[in-house]
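Colleague: Dropping a structure here in structure tokens format, bear with me for questions.
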Amino acid sequence: MIRLAAPVRDPAVAGPLLRCEGLTRRFGDRVAVEGVSLSLPAGEVYGLLGPNGAGKTTTIKMVCGLTAPDRGTVHVAGEPATSARARRLVGYVPQDVALYPDLTARENLRFLGSLYGLSGGVLRERVAEALELTDLTDRARERVGSYSGGMKRRLNMAAGLLHHPRLLVLDEPTVGVDPQSRFAILERVRTFAGQGMAVLYTTHYMEEADRICDRVGIIDHGHLVAEGTRRELVAKLGEKDRIELGALGDLERLAELSRQVPGVEGAGVADHCVHLVATSGRELLPALLEAADRAEVDITSVDVVEPDLEAVFLHLTGTALRE
Amino acid sequence: MRPVLVIAAKDLKQRLRDRSAIVLALLAPLAVAALMSAAFGGAENVHATLAVANEDHGAVATGLLAALHAPELGRLVTVDEVRSASAATQAVRSGSADAGIVIPAGFSASVLTASPEALSTVTSVNDTVAAELASSVTQAFTARLNGDRLAVATALAAGAPASHVQALARDASGLELPVDVVQRALGARQLSTISYFAPAMAIFFVLFVVSFTSRSFFVEREQGMIERALAAPISARHVVAGKALSAFVLAATSLAVIGVVTGTAFGADWGDPLGAILVSLAMVLSVVALTALVIGVARTERQAETVSSIVVFCLALLGGNFVLVSVAPPLLRRLALFTPNGWALRGYTDLATTGGGVGTVVVPVLAILAFAAVVGVAGLLLARRAVRP
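So, in structure tokens, the structure goes:
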């Protein structure tokens, strides 16, 4: 059981725990994030869904006060994100494991906890709690460099929880994680939310967002193109169908030719399949098979499936999430 | 202040676990100082057996032998009189003598002529110290002899009566070897070798703190730890100050341990303790400043390693950590004034040679602090960018 940091007695906290308004950040001529606004109340898991390079990491770095926005504002519990008070309320779990391999798990946690002002008995208690949470108590005296990838991931996450944050920011925490650890991480995220923690979760795995997020924001090329619950987002598709074409050959070519078929709104390649969003999908199948012939691709399977977030992403951006 | 201490303590814990840092900061300087002292320290206790072949047996030859047997030279040479030049050569060849001096037949008589016979030495390429000693003794004697000949000639030219010439000749026969000249030729300073090389090596290896502190910074940055730390309610200033404090403690500890060990175990003279501490603290500050500069200039761990290696070796070469600055060419001596290690070495050696206190090292300490201030400010301005996520 993770107890959250003491409530902030600021009247602004009565509103959303996290409020981002018009966030814009450029790196030279490249626009990483433009005009992103979102808000997150306590106890909600918000998934920021987008492909690599969409602007997810830049957005959460601004939320954590690590990067200053060129325009726009970020407030955590009514405090500017760069303020010490706001940072005490935020737990940041970076995408790559950020731990000292030459220190033990306990030493890593003690160090990071100390940076958040924990000391003495409280620090000992929180470190023990984090080790227990990650099932690493027995190996707390071992150097992190000797841990497996999954153990490091678990510890990486636990380090962000030491100070009992009210907002947990997770940057793609399941990348490179085995299915068992991934399942454990997702379960814990739901548990934290159940305890009243707000969770901002970035991922490019649609099924993760589908599974644990109360609301999802779809980000592409730095723009938040849609936001809502899964049901709300899927409803944007209306009567559209999602079609999965399993095929062998030049799938990119097939996706390109499929986009030219009238009625197809988006096509992309992911997981050795061509994913399509189309109106009246079943009626388009002959035209799609003809496109496969022209692309000299052998179709191995055709599935017309219930629309999901992947389909929403295809519909909104015209490309597959994991292209 | 607490985040600074937390970061510094964590850094020091990592350094203690990094054996290469311990070796470079503590063991290597002690080992190298001891080795250098053993290699060059013999110069403080020079002693050679000289095989002297007196083929002349005249008054001047007798005077030279008497001078060589003088108590003042007793600690430097042992004279083994042999019968001939070939016997002297054989003694040196067999190793029973370290070098030889040959007084040729007719040497005394020739002194009063226009073309006197020359003294010769027999030396071995394997014992350059004994060769230098034999050469110095003969040159000093010959110089004194020529001085006396000049005095007699001048007296005669000035119209001195013949009876006085006899007295002058008697005086000339009572020649003494100018021992002080011999000593100056053999030892440049009244500073023991270990008293020079102990601080020289200590400073040289302390400069490596620049290397492993700057490299560890970039490793941490690549590990994402700097960013993770900055997500906590601390600022970049805390991170920089924590790193600086750990570098300071490591460098100061290294200098202190080497100072105590070389002072007690090897007999190195670091001079007045307070003066030595002031020089050391100033030097450590300049190490911290150099670390900030390297972090500011480099972009990656590899660049930090390259830049810091260049900085360390250039400073060591220019500052006199490998060779005595006092015997270096004038240009090198001037360049040493632009290095903190050069000033630190000057401070330590001044303390040891003058026996002075804090007043002796005011100028070196101020010079080192000026270097630290200039480099430190430049380093901090450049390093700010490196700390930002």
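For the record, the sequence lines run as chains A and B.
Residue numbering for the first sequence follows numbering that gives the first Met the number 0, beginning at 0 and increasing consecutively.
Residue numbering for the second sequence follows numbering that gives the first Met the number 0, beginning at 0 and increasing consecutively.
Every residue, glycine too, gets a C-beta built ideally from N, C-alpha and C.
Which whole-angstrom value is the C-beta distance of A/L250 and A/V276, which I expect to be below 8 Å?
Modeller: Residue 250 of chain A sits at position 251 when you count from the first residue of the first sequence. Residue 276 of chain A sits at position 277 when you count from the first residue of the first sequence. With a Cβ gap of about 16 Å, A/L250 and A/V276 do not count as contacting.
Colleague: Can you tell me whether DSSP reads B/V31 as helix, strand or coil?
Modeller: On the second sequence, residue 31 of chain B is found 32 positions in, with the first residue counted as 1. The answer is helix: DSSP assigns B/V31 an H, G or I state.
Colleague: For A/E324, tell me which candidate among A/L287, A/F182, A/T278 has the shortest Cα-Cα distance.
Modeller: Because chain A here runs from 0 to 322, residue 324 of chain A falls outside it and cannot be looked at.
Colleague: Helix or strand or just coil, what does DSSP make of B/P328?
Modeller: Numbered from 1 along the second sequence, position 329 holds the residue referred to as residue 328 of chain B. If DSSP states are grouped into helix, strand and coil, B/P328 belongs with coil.
Colleague: Pull up the distance between the alpha-carbon of A/E194 and that of B/I294, whole angstroms please.
Modeller: Walking along the first sequence from the start, residue 194 of chain A turns up at place 195. Walking along the second sequence from the start, residue 294 of chain B turns up at place 295. The residue asked about is misnamed: residue 194 of chain A is Gln in this sequence, not Glu. Going by the C-alpha atoms only, they are around 43 Å apart.
Colleague: Measure how close the beta-carbons of B/V364 and B/V278 come, nearest whole angstrom, since I'm counting them as under 8 Å.
Modeller: The count along the second sequence starts at 1 and reaches residue 364 of chain B at position 365. The count along the second sequence starts at 1 and reaches residue 278 of chain B at position 279. Indeed, because the Cβ distance is near 6 Å, the residues count as touching under 8 Å.
Colleague: Since B/S119 sits in a beta bridge, which residues does DSSP pair it with?
Modeller: One-based indexing of the second sequence puts residue 119 of chain B at position 120. In DSSP, B/S119 forms a bridge with B/V101.
Colleague: Should A/M150 be labelled buried (16 or more other beta-carbon atoms within 10 Å of its own) or exposed?
Modeller: For the purposes of this step, residue 150 of chain A is identified with residue 151 of the first sequence, where counting begins at 1. By the 10 Å Cβ count, A/M150 comes out buried.
Colleague: Under the rule that 16 or more other beta-carbon atoms within 10 Å means buried, what is B/G146, buried or exposed?
Modeller: Against the second sequence, residue 146 of chain B aligns to sequence position 147. With fewer than 16 other Cβ atoms within 10 Å, it is exposed.
Colleague: Once you ignore the five residues that flank B/T353 on each side, which residues in its own chain have a CB closer than 7 Å to its CB?
Modeller: Sequence index remark: in the second sequence, residue 353 of chain B carries index 354 (1-based). Cβ neighbours of B/T353 beyond the five flanking positions: T359.
Colleague: When the cut-off is 9 Å and only beta carbons count, does B/K12 lie next to chain A?
Modeller: Taking the second sequence and counting its residues from 1, the one referred to as residue 12 of chain B is at position 13. Yes - at least one Cβ of chain A is within 9 Å of the one on B/K12.
Colleague: Pair every Cβ in the stretch 259-267 of chain A with every Cβ in the stretch 281-293 of chain A, then say whether three or more of these pairs are closer than 8 Å.
Modeller: Yes, the stretch 259-267 of chain A is in contact with the stretch 281-293 of chain A.
Colleague: To test your reading of the DSSP string, which unbroken alpha helix (DSSP H) runs of 4 or more residues are found completely within the stretch 39-66 of chain A?
Modeller: The stretch 39-66 of chain A contains these whole alpha helix (DSSP H) runs: 55-62.
Colleague: Closer than 9 Å between beta carbons: that is the criterion. Which residues of the stretch 56-75 of chain A meet it against chain B?
Modeller: So the close ones are K60, C63, G64, L65, T66.
Colleague: Please state if the CB of B/V218 and the CB of B/A291 are separated by a distance shorter than 9 Å.
Modeller: Within the second sequence, the letter at position 292 stands for residue 291 of chain B. Within the second sequence, the letter at position 219 stands for residue 218 of chain B. The answer is no: Cβ separation not under 9 Å.
Colleague: When the Cα atoms are used, what is the spatial distance from B/N320 to B/V306?
Modeller: By one-based count along the second sequence, residue 320 of chain B stands at place 321. By one-based count along the second sequence, residue 306 of chain B stands at place 307. Roughly 19 Å between the two C-alpha positions.
Colleague: Beta carbons nearer than 9 Å to chain B: which residues of the stretch 112-127 of chain A have them?
Modeller: Cβ contacts with chain B: S113, L114, Y115, G116, S118.
Colleague: Grouping DSSP H, G and I as helix and E and B as strand, with all else coil, what is B/R18?
Modeller: As a position in the second sequence, residue 18 of chain B is number 19, starting the count at 1. Three-state DSSP puts B/R18 in a helix.
Colleague: Can you give me, in chain order, the residues of the stretch 215-234 of chain B that have a beta carbon less than 7 Å from any beta carbon in chain A?
Modeller: Going along the stretch 215-234 of chain B in chain order, one finds Q222, G223, M224, E226, R227, A228, L229, A230, A231, P232, I233 with a Cβ nearer than 7 Å to chain A.
Colleague: Among residues of its own chain, excluding the 5 on either side of A/L130, which ones have a beta-carbon nearer than 8 Å to its beta-carbon?
Modeller: Here residue 130 of chain A refers to the residue found at position 131 of the first sequence. Counting only Cβ-Cβ distances below 8 Å, and skipping sequence neighbours, we find A104, R105, L108, T136, A139, A157.
Colleague: Identify every residue that forms a DSSP beta bridge with A/A76.
Modeller: Within the first sequence, residue 76 of chain A is the residue found at index 77, counting from 1. DSSP, once it has assigned bridges, lists no residue as partnering A/A76.
Colleague: How close, in whole Å, do the beta carbons of A/Y99 and B/Q13 come, if the pair is a contact with beta carbons under 8 Å?
Modeller: Numbered from 1 along the first sequence, position 100 holds the residue referred to as residue 99 of chain A. Numbered from 1 along the second sequence, position 14 holds the residue referred to as residue 13 of chain B. Indeed they touch by this definition, with Cβ atoms about 7 Å apart.
Colleague: Within 8 Å, do at least three Cβ pairs link the stretch 0-13 of chain B to the stretch 57-72 of chain A?
Modeller: No, they do not touch.
Colleague: At a CB-CB cut-off below 7 Å, which residues of chain A make contact with B/R16?
Modeller: Position 17 of the second sequence, counted from the first residue, corresponds to residue 16 of chain B. Per Cβ cutoff of 7 Å: D101.
Colleague: Measuring only the C-alpha atoms, how far is A/E243 from A/A254?
Modeller: For this step, residue 243 of chain A is matched to residue 244 along the first sequence. For this step, residue 254 of chain A is matched to residue 255 along the first sequence. The alpha-carbon atoms of A/E243 and A/A254 are separated by roughly 11 Å.
Colleague: Which one of A/G245, A/R241, A/E20, A/V198 has the shortest CA to CA distance from A/E33?
Modeller: As a position in the first sequence, residue 33 of chain A is number 34, starting the count at 1. Minimum Cα distance to A/E33 is reached at A/E20.
Colleague: Which residues in the same chain have their Cβ closer than 7 Å to the Cβ of A/L17, if we skip the five residues on either side of it in sequence?
Modeller: As a working mapping, residue 17 of chain A is identified with position 18 in the first sequence. Same-chain partners within the cutoff: S38, L39, V62, V75, L166, A197, L199.
Colleague: Exposed or buried, which one is A/E305 when buried takes at least 16 other CB atoms within 10 Å?
Modeller: Position 306 of the first sequence, counting from 1, holds the residue named residue 305 of chain A. Burial call: exposed.
Colleague: Just list the residues that DSSP pairs A/K151 with in beta bridges.
Modeller: Residue numbering aside, residue 151 of chain A sits at position 152 when the first sequence is read from its first letter. Paired residue(s): none; A/K151 is not in a bridge.
Colleague: Can you give the beta carbon distance from B/L284 to B/V310, rounded, assuming they're within the 8 Å contact cut?
Modeller: Counted from its first residue, the second sequence places residue 284 of chain B at position 285. Counted from its first residue, the second sequence places residue 310 of chain B at position 311. That belief does not hold up - the Cβ atoms of B/L284 and B/V310 are roughly 16 Å apart, past 8 Å.
Colleague: DSSP has A/A337 in a bridge; who is on the other side?
Modeller: This structure cannot settle anything about residue 337 of chain A, because the visible part of chain A is limited to 0 through 322.
Colleague: Roughly how far, in whole angstroms, is the beta-carbon of A/L117 from the beta-carbon of A/L161, given that I think they are within contact range, below 8 Å?
Modeller: Sequence index remark: in the first sequence, residue 117 of chain A carries index 118 (1-based). Sequence index remark: in the first sequence, residue 161 of chain A carries index 162 (1-based). Going by Cβ atoms, the distance from A/L117 to A/L161 rounds to 7 Å, so yes, they are a contact pair.
Colleague: Could you tell me the alpha carbon to alpha carbon distance between A/R214 and B/I21, rounded to whole angstroms?
Modeller: Numbered from its first residue, the first sequence carries residue 214 of chain A at position 215. Numbered from its first residue, the second sequence carries residue 21 of chain B at position 22. Taking the straight line joining both Cα atoms gives about 53 Å.
Colleague: So with CB distances below 7 Å, who are the chain B contacts of A/A83?
Modeller: On the first sequence, residue 83 of chain A is found 84 positions in, with the first residue counted as 1. What A/A83 touches in chain B: P232.
Colleague: Which residue spans inside the stretch 195-221 of chain A form an unbroken beta strand (DSSP E) run of at least 3?
Modeller: Taking only runs of at least 3 residues, the beta strand (DSSP E) segments lying wholly in the stretch 195-221 of chain A are 197-202, 214-219.
Colleague: Mapping DSSP to helix, strand and coil, what is B/F321?
Modeller: If you number the second sequence from 1, residue 321 of chain B lands on position 322. DSSP places B/F321 in coil when its eight states are reduced to three.
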